[in-house]
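The structure appears below as structure tokens.
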Amino acid sequence: MRRPLLAICLAVATAMTLTASQATAAGVRTSGTGWKTATILGVTSASPTKTYTITFATEQLRQRYTPYYAQALPQIRDAGIHIELGGVEEVDPNQCGPDWHIQITEMYRPLGTPGWSQGMPCPAPPQGMSRGGIVAYDSEYWDGTWDIKEHHLKNTIVHEVLHTLGLDHPNTDLDGDGKTEPHECVATSYGNKPLMCSPNGGYSTANAGKLVGYDVNGLKALVANANNQGLS
Ligand SMILES: [Ca+2]
Ligand SMILES: [Zn+2]
């Protein structure tokens, strides 16, 4: 999820401000070191009991992307979220699919910007608990027109899925210049930024495609928020 999508969703965000502050009073955390919930889209929690199923617009896409989730899925499960790989179903990128589905499709420049993909939770779900969402990966990664480093590709593929579960970019004004800038995210002592950092983050090593600890903490917070509100 990047800036153009936020512009589309600002109308939702205004309506959500009240909900977010009420939720905070109920013991809901919407940000922490290196993580942030997609509060702007009305998502502050993820289900601790339902199973999120990743589905694909075509069999070709299923085969293409499935291997890229292999390292992340166990980490997401360890954080308390039930998630499974599913099959093929029709995906309309302009409309959310069935509840608890994370729908994967591919488009040419889904945000209009070369090299950018799009991932978002279905906006304003009941009680602020993610019901899944939609990912549109940029087809340029595969047709030779966009030169993307292997670790950026691996990290981006997982980054977009984490958006659907309810994580936003944790970028924050660390240098105090009044602007929250691209890549401006907390880093570990090894220099690893959250996978959710915009426009990209995560490991540049063999661990590319894995969540960084910050991202795991964000997922755990989404689940804790559900539990603290008595949501299942
Ligand atoms: Ca700054
Ligand atoms: Zn993003």
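So for the sequence shown, this note's numbering puts the first residue at 40; every next one is plus one. The C-beta atom is built at its ideal place from N, Cα and C for all residues, glycine as well.
Opposing strand residues paired with residue i [DSSP bridges]
{"i": "residue 198", "result": "According to DSSP, which records beta bridges pairwise, residue 198 is partnered with nothing at all."}
{"i": "residue 174", "result": "143, 158"}
{"i": "residue 232", "result": "241"}
{"i": "residue 206", "result": "76"}
{"i": "residue 169", "result": "85"}
{"i": "residue 127", "result": "95"}
Test item: CB-CB of residue i and residue j under 8 angstroms
{"i": "residue 93", "j": "residue 125", "result": "yes"}
{"i": "residue 107", "j": "residue 269", "result": "no"}
{"i": "residue 221", "j": "residue 243", "result": "no"}
{"i": "residue 235", "j": "residue 213", "result": "no"}
{"i": "residue 168", "j": "residue 265", "result": "yes"}
{"i": "residue 251", "j": "residue 267", "result": "no"}
{"i": "residue 80", "j": "residue 163", "result": "yes"}
{"i": "residue 73", "j": "residue 209", "result": "yes"}
{"i": "residue 194", "j": "residue 257", "result": "no"}
{"i": "residue 198", "j": "residue 239", "result": "yes"}
{"i": "residue 160", "j": "residue 146", "result": "no"}
{"i": "residue 155", "j": "residue 177", "result": "yes"}
{"i": "residue 175", "j": "residue 144", "result": "yes"}
{"i": "residue 88", "j": "residue 271", "result": "yes"}
{"i": "residue 97", "j": "residue 127", "result": "yes"}
{"i": "residue 253", "j": "residue 225", "result": "yes"}
Three-state class that DSSP yields for residue i in the structure shown
{"i": "residue 9", "result": "Summary: the structure shown does not reach residue 9, with the chain confined to residues 40 through 271, and so no result is reported for it."}
{"i": "residue 193", "result": "helix"}
{"i": "residue 179", "result": "helix"}
{"i": "residue 265", "result": "helix"}
{"i": "residue 252", "result": "helix"}
{"i": "residue 61", "result": "Caution applies to residue 61, whose pLDDT of 48 falls short of 50 and renders its modelled position unreliable; the model cannot decide the point."}
{"i": "residue 271", "result": "coil"}
Entirely enclosed alpha helix (DSSP H) segments - the region 70 to 125, minimum 4 residues: 98 to 104, 111 to 117
Does the region 75 to 95 come into contact with the region 138 to 146, if we say contact requires no fewer than three beta-carbon pairs (one atom in each stretch) closer than 8 angstroms? yes
Taking three-plus beta-carbon pairs below 8 angstroms as touching, is the region 201 to 221 in contact with the region 249 to 268? yes
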